[in-house]
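Throughout the sequence shown, residue numbering follows mature numbering (1 follows the signal peptide of the UniProt record, and there is no 0), covering -24 to -1, 1 to 115 in sequence.
These notes concern the structure reproduced below.
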Amino acid sequence: MKQIMGATFLAAVLTLNLGGSALAQDRIVISSDWGKVTAELADNAAARALSAMLPLTIEMDDHLRQEKTGDLPAALPAAPRQRDFSAGTLGLWSAGDFVIYYREGRVPQPGIVILGQIQGDVSIFDRPGKLTIKVEKTR
């Protein structure tokens, strides 16, 4: 009986730990004519909804020389917000406004939903003007 209970417990642990995307955070690639970066998505409903929309092409504008902003094709669900962000933060200002921050800073209330964090150099976004990006899941 102990062996059966032990095997059942082990199977449950392996299922939880090896269950794939339910526990692992999704990684994405953001590419443009200026270069390519990877990012890890946050563990929240908005980031999961963004991942389900991929691949996407988004026209981005420069805003306040700290971020690139663009419209998503559909609104994302609400998630907890915060006011502070770092260089490389992927955020959601309103339900359909995607943001890539290339400088650190703080936004006014109600804050932003954190969608993820770019891994590595974000300087490819630190240029004036418009930019078209492609956002895809990594393979």
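Where is the CB? At the ideal position from N, CA and C, for every residue including glycine.
When DSSP builds the beta bridges, which residues end up paired with residue i?
i, result
"L68", "F74 and V89"
"G105", "Answer is none; G105 lacks a bridge partner."
"G46", "M36 and F74"
"Q58", "I88"
"E112", "V5"
"R24", "Answer is none; R24 lacks a bridge partner."
"I100", "Answer is none; I100 lacks a bridge partner."
"I82", "Reading the sequence as shown, one finds Arg at residue 82 and not Ile. Answer is D60, bridged to R82."
Tell me which residue opens and which closes the beta strand (DSSP E) that residue i is part of.
i, result
"L30", "L30 -> no beta strand (DSSP E), and no H or E assigned at all."
"E16", "G11 to L17"
Is the beta carbon of residue i sitting closer than 8 Å to the one on residue j?
i, j, result
"R57", "V89", "yes"
"I94", "G64", "yes"
"R24", "T14", "no"
"L91", "A22", "yes"
"V50", "M29", "The residue you asked about is not Val; residue 50 is Ala in the sequence shown. Yes, they are a contact pair."
"G46", "D38", "no"
"G67", "Y78", "no"
"S7", "K110", "yes"
Does the beta-carbon of residue i have 16 or more other beta-carbons within 10 angstroms, so that it is buried, or is it exposed?
i, result
"T108", "exposed"
"L40", "exposed"
"E80", "exposed"
"G105", "exposed"
"G(-19)", "Since pLDDT at G(-19) reaches only 40, below the 50 mark, its modelled position is unreliable, and the value read off the structure follows with that caveat. With fewer than 16 Cβ atoms within 10 Å of its Cβ, G(-19) is classed as exposed."
"A18", "buried"
"K44", "buried"
Cβ-heavy atom distance between residue i and the ligand NAP below 7 Å?
i, result
"R57", "Because no ligand of any kind appears in the structure shown, any question about the ligand NAP cannot be addressed here."
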